[in-house]
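Numbering (my numbering), first residue to last: -4 to 392.
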């Protein structure tokens, strides 16, 4: 059980830190916010009509694990997208992936392993809920660099076998937040083999999986299924990025029957089920690809804009998936906090310092010299903002 002191030692969340960093600094131009990963593309056109049709169901207690219709829609999507058959009992609905990524650790990480404190592997930089989950279960968080030198993916296979024998969970995000890198099938096969050898689970955070440049990213559960090791992976996805429905708070986890049964059991006591009208919209969204294709095309247009505007910037790497740029800070400017203040003070552009998405380790903070820039505005707004950013940080390139 985690003590209050363990949580008090966690750093403040990224966005309060950014507000404090920029407090008192007036915007140097028309303000443009490129920090939060909140999609601004159109909602699926069926969202409102379905909510209106089922508004009366807000009066009913909803099913905790998901309606049969929603579970069937998710199962069908997994079959079409990943080519795997996942029975409804191997799926649990969630209030977005953050809930699942946290509560799954509570449900599935034991208090000790091999008579020792458990360890949880976390890519660095990372989505901050991973570290909070490790703290909640009393596990040692092990922050593994995911840098340009590693292809922006953590090299868990390089870790000491003695440490790996204590691992209960390895978090993975592909496409990666914030770097936009994608784990290929070879990487996933190697990681799944490692998990089986050392008896740990992989929590695969795939909420950006439907936003990609050239080809759909492979899914960890699909790769594990083909290897006969489906019970080594719990995958997470949601409608927030895929369907531009961040406020719907609707996602799911899928995995082996034993893992999902444990998550369902915990959720029956500690989780809030999705209201029935939300589940109706969710089922329709997982069953439809037209709105996803249209939204993806807009992101691919913005990838091309970023490549054109920033392609000659030293250290720039094209995005493979997701909607964030991970931009290097020129050494003459300093670190990511200095660059973020400069952009705000001179151009009114708000971005997130990479240091706020990473953790200090013995080898440094891998986000210290990067900025995260969200490609969520329109194409015209994105192009204008990136040109201003380039002229401010890179002297026009």
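Using N, Cα and C, we set each Cβ at its ideal position, and we do this for glycine too.
- Note that the region 239 to 247 does not touch the region 207 to 218; fewer than 3 beta-carbon pairs, one per stretch, sit closer than 8 Å.
- Sorting 318, 224, 308 by C-alpha distance to the C-alpha of residue 296 places 318 at the top.
- For the 8 Å CB-CB criterion, residue 362 and residue 349 form a contact.
- In the same chain as residue 237, and ignoring 5 residues on each side of it, the C-beta atoms closer than 7 Å to its own belong to 205, 287, in chain order.
- Its chain contains 46, 49, 50, 52, 53 as the residues whose beta carbon lies nearer than 7 Å to that of residue 272, once the 5 sequence neighbours on both sides are disregarded; these appear in chain order.
- Within the same chain, Cβ atoms closer than 8 Å to the Cβ of residue 90 are found at 244, 245, 246, 266, 267, 269, the five residues on either side in sequence being excluded.
- Annotation for residue 288: the continuous alpha helix (DSSP H) segment containing it runs 285 to 305.
- Counting only the Cα atoms, residue 326 lies some 24 Å from residue 171.
- Boundaries of the alpha helix (DSSP H) around residue 277: 271 to 282.
- In this structure, residue 83 places its C-beta atom within 8 Å of the C-beta atom of residue 70.
- Residue range 63 to 77 is occupied by the alpha helix (DSSP H) that includes residue 73, with no beta strand (DSSP E) assigned at that position.
- Nearest to residue 96 by C-alpha distance, out of 79, 368, 66, 129, is 129.
- With a cutoff of 8 Å on beta-carbon distance, residue 113 and residue 152 are scored as not near each other.
- In the DSSP annotation of this structure, residue 53 is not part of any alpha helix (DSSP H), being labelled neither H nor E.
- About 7 Å separates the CB atoms of residue 207 and residue 315; that is less than 8 Å, so the two are in contact.
- With respect to the C-alpha of residue 62, the residue from 284, 92, 275 having the closest C-alpha is 275.
- Rounded to whole angstroms, the separation of the alpha carbons of residue 85 and residue 257 is 11 Å.
- Taking every protein chain shown into account, the CB of residue 264 has fewer than 16 other CB atoms within 10 angstroms, so this residue is exposed.
- DSSP lists no beta-bridge partner residue for residue 332.
- Our two residues, residue 389 and residue 141, have alpha carbons roughly 24 Å apart in a direct line.
- Residue 200 places its beta carbon less than 8 Å from that of residue 92.
- Only residues of its own chain outside the window of five on either side were considered, and among them none has a CB closer than 6 Å to the CB of residue 312.
- The beta carbons of residue 65 and residue 277 sit closer together than 8 Å.
- Scanning 42, 376, 356, 336 for the CA closest to the CA of residue 19 turns up 336.
- For the 8 Å CB-CB criterion, residue 229 and residue 99 form a contact.
- CA-to-CA, the gap between residue 356 and residue 203 works out to about 27 Å.
- Taking the Cα positions, residue 187 is about 10 Å away from residue 193.
- With respect to the 8 Å criterion, residue 280 and residue 39 are classified as neighbours on the basis of their beta carbons.
- Of the candidates 74, 34, 87, 25, 87 places its Cα closest to the Cα of residue 254.
- When secondary structure is reduced to three states using DSSP, residue 10 falls in the helix class.
- Of the residues 148, 354, 161, the one whose Cα lies closest to the Cα of residue 177 is 148.
- Residue 385 holds the alpha-carbon nearest to the alpha-carbon of residue 338 among 298, 376, 385, 262.
- With fewer than 16 other Cβ atoms from the protein chains shown falling within 10 Å of its own Cβ, residue 111 counts as exposed.
- Around the beta carbon of residue 60, a 10 Å sphere encloses 16 or more other beta carbons of the protein chains shown; the residue is thus reported as buried.
- In this structure, the alpha-carbon of residue 331 lies about 19 Å from that of residue 26.
- Residues 39, 41 of the same chain have their beta carbon placed closer than 8 Å to that of residue 283, with the five preceding and five following residues left out of the count.
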